[in-house]
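Residue numbers (the UniProt record's numbering): 1 to 111.
For each residue, glycine too, the CB sits at the ideal point set by N, CA and C.
Predicted, not measured: the structure shown is a model, and the values here were computed from it.
What follows is a single structure, written as structure tokens, with notes after it.
As structure tokens, then:
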């Protein structure tokens with residue numbers, strides 16, 4: 001599935017600063033991804049990054065592939081993106097008595 005994503009890439013040398021220097025402020029891309037569950041937690045695996053329907057990961061340009069790799073790593077650690085991906089995927093459902101149910105778990109919904 002493809003999901004829109006706004007990438008922001010700060011300068012790695014200023015990430016700890018209160019206001020990091022942004023190398024790329026707002027890059028609108030689409031991420032090809034799938035949702036898996038590991039140890040009861042959702043994990044989003046990004047397999048490709050598209051800019052204007054062109055794969056950055058399959059590009060001949062090493063800079064494009066480097067940017068795609070950075071976006072991939074950032075998105076896979078972005079809690080808001082993971083939540084959106086799980087919602088859009090729709091193939092998992094919580095089974096239990098409520099959010100505090102110690103026996104509650106996510107299960108894959110039959111297609």
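query                                                                                                                                                    : result
Curious, which full-length beta strand (DSSP E) runs of at least 3 residues does the stretch 19-93 contain?                                              : 22-38, 41-51
Among 7, 38, 58, which residue has its Cα nearest to the Cα of residue 24?                                                                               : 7
Given a cut-off of 8 Å, decide if residue 54 and residue 32 are closer than it, judged by their beta-carbon atoms.                                       : no
Could you tell me if residue 46 is buried or exposed, where buried requires 16 or more neighbouring beta carbons within 10 angstroms of its beta carbon? : buried
Taking Cβ to Cβ, would you say residue 20 is nearer than 8 Å to residue 4?                                                                               : no
In the DSSP assignment, the beta strand (DSSP E) including residue 1 goes from what residue to what residue?                                             : Here residue 1 belongs to no beta strand (DSSP E), and DSSP marks it neither H nor E.
Under 7 Å Cβ to Cβ from residue 84, same chain only, skipping five residues before and after it: list those, please.                                     : 3
Can the beta-carbon of residue 94 be found less than 8 Å from the beta-carbon of residue 44?                                                             : no
Roughly how many angstroms separate the alpha carbons of residue 104 and residue 98, rounded to a whole number?                                          : 7 Å
Between residue 30 and the rest of its own chain, which residues show a CB-CB distance below 6 Å, the 5 nearest in sequence each way excluded?           : 2, 4, 50
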